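Protein chains in written order, with this note's numbering: chain A, 83 to 295; chain B, 11 to 20. A virtual CB, placed ideally from N, CA and C, is assigned to each residue, including glycine. On a predicted model such as this, the values are computed, not experimentally measured, just so you know. This report refers to the structure that appears directly beneath it.
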Amino acid sequence: MNAFRLLADLTHLLSIIILLVKIRTTKSCAGISLKTQDLYVLVFISRYLDLFTRPLSLYNTPFKLVFLATSITIVYYMRYHKVVKQTYNKDSDTFKHYFLILPCAVLAFFINPKFTFIEVLWSFSIYLEAVAILPQLVLLQSSSNIDNLTGNYVFMLGAYRALYLLNWIYRFFAEDVVRWIPWIAGLVQTALYADFFYYYIKSWRNNERLKLP
Amino acid sequence: AGSSPLKDEL
């Protein structure tokens, strides 16, 4: 455990808290992509099957349970809550997210640390997480204005993987750890946010409302 | 350098 890793996980948790606060207090999920949230449920379920096979950890186990519970809660709100579901921008959430799942599954089938059920699903979850933000970014681009909570949510979600990159650099030098699969996927995942980061920081510096061109 | 997956991360 190092500071980058701890900060990354807390940032990830914070992003989810921001999203839940937005949904619960404003009773609105405007600007949030249900497709991205669906993908996160799939990511967490396929990655955290090891909850059943690995010994409990005081740090990892609670995080895994929280990520599973909160992602399912968010999807539940967006689909079934009688007020929240009416605020969902269904017509703008146009990304064909099913087309992300098959390529990630094929990639996981061929590129994995070990050809076992758990390891292939783990690889699948790493690949899918890398691209799961795409429907959300497409939805934001079609939004004329993005509320602060939504902007902060996406920023924290991007910052989390960027901090993992620092963690991996640290671990490479301090612990001699080399793990190509999460590194490359994590690099792709962070790179997808580059455009968003640029406009987020620009709007923050100019004290303007966030808008993606 | 280990070749096992990074299972100690989230």
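Residue i - DSSP class collapsed to helix/strand/coil
| i | result |
| --- | --- |
| residue 165(A) | coil |
| residue 108(A) | helix |
| residue 275(A) | coil |
| residue 184(A) | helix |
| residue 290(A) | coil |
| residue 261(A) | coil |
| residue 136(A) | coil |
| residue 85(A) | helix |
| residue 91(A) | helix |
| residue 142(A) | helix |
| residue 99(A) | helix |
| residue 113(A) | coil |
| residue 193(A) | coil |
| residue 13(B) | For residue 13(B), the predicted model reports a pLDDT of 43, less than 50, meaning its position is unreliable and no value from the coordinates is stated. |
| residue 178(A) | coil |
| residue 285(A) | helix |
| residue 226(A) | coil |
| residue 295(A) | coil |
Terminal residues of the alpha helix (DSSP H) in which residue i lies
| i | result |
| --- | --- |
| residue 257(A) | 230-257 |
| residue 118(A) | 116-129 |
| residue 170(A) | That residue, residue 170(A), is in no alpha helix (DSSP H); it is neither H nor E in DSSP. |
| residue 207(A) | 199-213 |
| residue 20(B) | Run containing residue 20(B): none; DSSP gives neither H nor E here. |
| residue 217(A) | 216-223 |
Integer Cβ distance of residue i from residue j, believed to fall under 8 Å
| i | j | result |
| --- | --- | --- |
| residue 275(A) | residue 240(A) | 3 Å |
| residue 105(A) | residue 166(A) | 6 Å |
| residue 211(A) | residue 271(A) | 6 Å |
| residue 200(A) | residue 131(A) | 6 Å |
| residue 256(A) | residue 122(A) | Residue 256(A) to residue 122(A), Cβ: 30 Å. No contact. |
Problem - Residues of the region 143-161 of chain A with Cβ closer than 9 Å to any Cβ of chain B, in chain order - result: 145, 146 and 149
Handout entry: Cβ-based contacts, 7 Å cut-off: residues of the region 224-249 of chain A near chain B
Key = Along the region 224-249 of chain A, there is no position whose C-beta sits under 7 Å from a C-beta of chain B.
Exercise for the section: Can you give me, in chain order, the residues of the region 270-289 of chain A that have a beta carbon less than 9 Å from any beta carbon in chain B? Expected result: none
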